[in-house]
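Q: If you want the numbering used here, it's the position in the sequence shown, counting the first as 1, plus 8.
The following block contains the structure, expressed as structure tokens.
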Amino acid sequence: MSLENKARELSDCMHAIMAETHLNDKKLINIFSAFSPQEFHVLMTVGHAGNCIMSDIAARMQLSLSSITGIVDKLEAKKIVRRVRSGEDRRIVQVVLTDEGNKVYQTAREGHLEMVRNHLNALSPQEQDVFIALFRKIAATIKERK
9 MSLENKAREL SDCMHAIMAE THLNDKKLIN IFSAFSPQEF HVLMTVGHAG
59 NCIMSDIAAR MQLSLSSITG IVDKLEAKKI VRRVRSGEDR RIVQVVLTDE
109 GNKVYQTARE GHLEMVRNHL NALSPQEQDV FIALFRKIAA TIKERK
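Put into structure tokens, the structure is as follows:
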């Protein structure tokens, strides 16, 4: 099979996986209907990365800092996140999950992990190891190109 055909087949497979992941994320968003999709995404970004500064969240989500400020305002009003100013540079604002925010994050994370476990169950343990190793390699290549 040519590289072009392999790329097309992989693209089709990735599209199917991403569509399923998106459906699962929609289910999670429905579970957490108190949050807009953008609020949910910020919650997951902060939970995954740990403490984040506002500009990092904006860069990860490819939104303006003013948009992120509005989203964080709403999450802060819901007691999901709180802002912490840097002791070294008061201009730097970190966003951290509250205890309640961490509970919501852990529930959503477990839902996502359950979906991934279900996908991995289609593979033998050896295939799972190869699959993960290949994904790590691709992720490292993508990161290097940035």
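C-beta: ideal position from N, C-alpha, C; glycine also.
Since we're looking at a predicted model, the values are computed, not measured.
At the level of alpha carbons, what is the spacing between I61 and L83?
A: 15 Å
Q: Reducing DSSP to helix, strand and coil, say where Q134 ends up.
A: helix
Q: For a minimum of 4 consecutive residues, which ranges assigned as the alpha helix (DSSP H) are wholly contained in the segment 29-93?
A: Here the runs fully enclosed are 45-57, 62-69 and 73-85.
Q: Could you give the residue range of the alpha helix (DSSP H) that holds G109?
A: D107 to L128
Q: Taking A66 as the reference, give the member of T77, G58 and N59 with the closest Cα.
A: In this structure, T77 is the residue among T77, G58 and N59 with its C-alpha nearest to the C-alpha of A66.
Q: Indicate whether the contact test is met: 3 or more Cβ pairs, each with one atom in the segment 43-55 and one in the segment 83-93, closer than 8 Å.
A: yes
Q: In or out: G58 buried (at least 16 other Cβ within 10 Å) or exposed?
A: By the beta-carbon neighbour count (other beta carbons within 10 angstroms, threshold 16), G58 is exposed.
Q: Which residues in the same chain as E108 place their Cβ atom closer than 7 Å to its Cβ, once the five residues preceding and following it in sequence are excluded?
A: K87 and I88
Q: Out of V50, I146 and E152, state which residue places its alpha-carbon closest to the alpha-carbon of S72.
A: V50
Q: Do the CB positions of M26 and E17 come within less than 9 Å of each other?
A: no
Q: Please determine, among R153, M69, V124 and A148, the residue with the shortest C-alpha to C-alpha distance to E28.
A: V124
Q: Just to check my reading of the structure: I79 and Q46 have Cβ atoms closer than 8 Å, yes? What is that Cβ distance to the nearest angstrom?
A: Distance from I79 to Q46 at the Cβ level is roughly 5 Å; contact confirmed, criterion being Cβ atoms closer than 8 Å.
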